[in-house]
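In this note's numbering, each number is its position in the sequence shown, counted from 1, plus 58. Notes to accompany the following structure.
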Amino acid sequence: MFCNPATKQPPYFLLSAKAKDDKDIIKLIHTIIYSDNRQFAKAFRNTAVSGIISESALETSAGIQSTLGKNITSLQYLKPGGSFSIKEWFSNSNETGWLFITANPNQRATLCPLISAWISIAIKALMCRNPNHDNKNMWFILDELPALQKVSSLPVALAESRKYGGCFVAGLQNIHQLEAIYGAAECASMLDLFNSKFIFRVSDQVTAYKSALTLGEQEIIETQENLSYGSNTMRDGVNMNNVERKKILVMPSEIMNLPDLTCYVKLAGNFPITKLTMQLQNLNTAFVWGYKLLKKLKLVEY
59 MFCNPATKQP
69 PYFLLSAKAK
79 DDKDIIKLIH
89 TIIYSDNRQF
99 AKAFRNTAVS
109 GIISESALET
119 SAGIQSTLGK
129 NITSLQYLKP
139 GGSFSIKEWF
149 SNSNETGWLF
159 ITANPNQRAT
169 LCPLISAWIS
179 IAIKALMCRN
189 PNHDNKNMWF
199 ILDELPALQK
209 VSSLPVALAE
219 SRKYGGCFVA
229 GLQNIHQLEA
239 IYGAAECASM
249 LDLFNSKFIF
259 RVSDQVTAYK
269 SALTLGEQEI
279 IETQENLSYG
289 SNTMRDGVNM
299 NNVERKKILV
309 MPSEIMNLPD
319 LTCYVKLAGN
329 FPITKLTMQL
339 QNLNTAFVWG
349 YKLLKKLKLV
359 EY
């Protein structure tokens, strides 16, 4: 009720946080999770939500406190006093290189809200650039896009970020995964905004069919031959006519049976659909978790 993920408006606790100047994350977590109902209500006194979270409505306040507590678990991994700012990194024209935001599979469920928030911050920082002002291209590589929570700024960025130098590459295995997060209509709109597409083997029939439609259709001319027979040989005849019809360029079954490292490529512009076979390159490990970092995050035993 108070933190509906489908709404685009900020939840009530964010409106209250804007009225506070205290940025201590540990204090925030302690106030929301560990304080009793009266202390929790007292923390929001004289804020935008004081009419909802108050000592006179402790049952309502308790429900809000429980909802917030379930959704801020990942904040415990943030430490106060950090020196790195995603916004500053974007606004500094002298910055080069890559910013990696990653997590191992066993950490993904916990860190997913943080990763989604950081990506949203990065997108909004991109959209703060001066449009059409000789901006350097900024590439966003979003592998396993459905593994993230809903990033509300992503659909707008896909449609408008070009003038800010934004370039997006996203990977997904199944269309249904993305539809479950963004809805069928918004999912279709987002996929349409990716002008170039690389379609590898999929096992789902619906995904294969929609991918085949994405690759387009072709017009073919078929010759039909009709034979007629009469009681007299003079009445026998052959009729031939041409029929134009449309056919899917690549059948869904062809997509479902692609070999490894092979895909169909659709590029932006007037280019033919291409079947591409790639070579696997053996690269050095891109990211190695240090034991001290794993220990600090309590992901290994002491």
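Glycine included, each C-beta is placed from N, C-alpha and C at the ideal position.
Burial state of Phe329 is exposed, judged by a 10 Å Cβ sphere holding fewer than 16 other Cβ atoms. Around Glu283, the same chain offers Val296, Asn297 and Met298 as residues with beta carbons nearer than 8 Å, after the five sequence neighbours per side are excluded.
In its chain, beyond the 5 residues on either side, Thr335 have a beta carbon closer than 6 Å to the beta carbon of Thr320. For Glu244, the CB contacts under 7 Å within the same chain, skipping 5 residues up- and downstream, are Pro213 in chain order. Taking a cut-off of 8 Å on C-beta distances, the stretch 146 to 164 does not touch the stretch 95 to 114, as fewer than three cross pairs fall below it. Here Gly140 is actually not in contact with Leu184; their C-beta atoms are around 21 Å apart, not less than 8 Å. Here Ser261 is exposed. Its C-beta has fewer than 16 other C-beta atoms within 10 Å. For Leu133, the CB contacts under 8 Å within the same chain, skipping 5 residues up- and downstream, are Ile83, Leu86, Ile87 and Leu172 in chain order. The DSSP-derived three-state label of Ser286 is strand.
Under the three-state reduction of DSSP, Ala238 is assigned to helix. The residue among Glu280, Leu249 and Glu277 with its C-alpha nearest the C-alpha of Thr265 is Leu249. Going by C-alpha positions, Asn190 is about 6 Å away from Tyr222.
Judged by beta-carbon spacing, Ala180 lies within the 9 Å limit of Leu157, meaning their Cβ atoms are closer than that value.
About 19 Å separates the Cβ atoms of Ile239 and Ser269, ruling out a contact at the 8 Å cut-off. It is roughly 12 Å from the alpha-carbon of Met196 to the alpha-carbon of Lys182. Out of Ile279, Ile90 and Leu325, the CA that lies nearest to the CA of Asn300 is found in Ile279. Close CB contacts of Leu236 within its chain, under the 6 Å cut and outside five residues either way in sequence, are with Pro204, Leu230 and Cys245 (chain order).
Judged by DSSP in its simplified three-state form, Val301 adopts strand. Here Pro317 has no same chain residue with a Cβ atom under 6 Å from its own Cβ, once five neighbours each way along the sequence are excluded.
The DSSP-derived three-state label of Trp197 is strand.
Annotation: the continuous beta strand (DSSP E) that includes Phe256 extends over Lys255 to Ile257. For Gly127, the uninterrupted alpha helix (DSSP H) run begins and ends at Leu116 to Asn129, by DSSP. With distances taken between CA atoms, Phe252 lies nearest to Val227 out of Lys333, Val227 and Gln263. Annotated as distal: Gly274 and Leu325, with beta-carbon spacing of 9 Å or more. Tyr287 counts as exposed, since fewer than 16 other beta carbons sit within 10 angstroms of its beta carbon.
Pro163 sits exposed, since fewer than 16 C-beta atoms from the chains shown fall within 10 Å of its C-beta.
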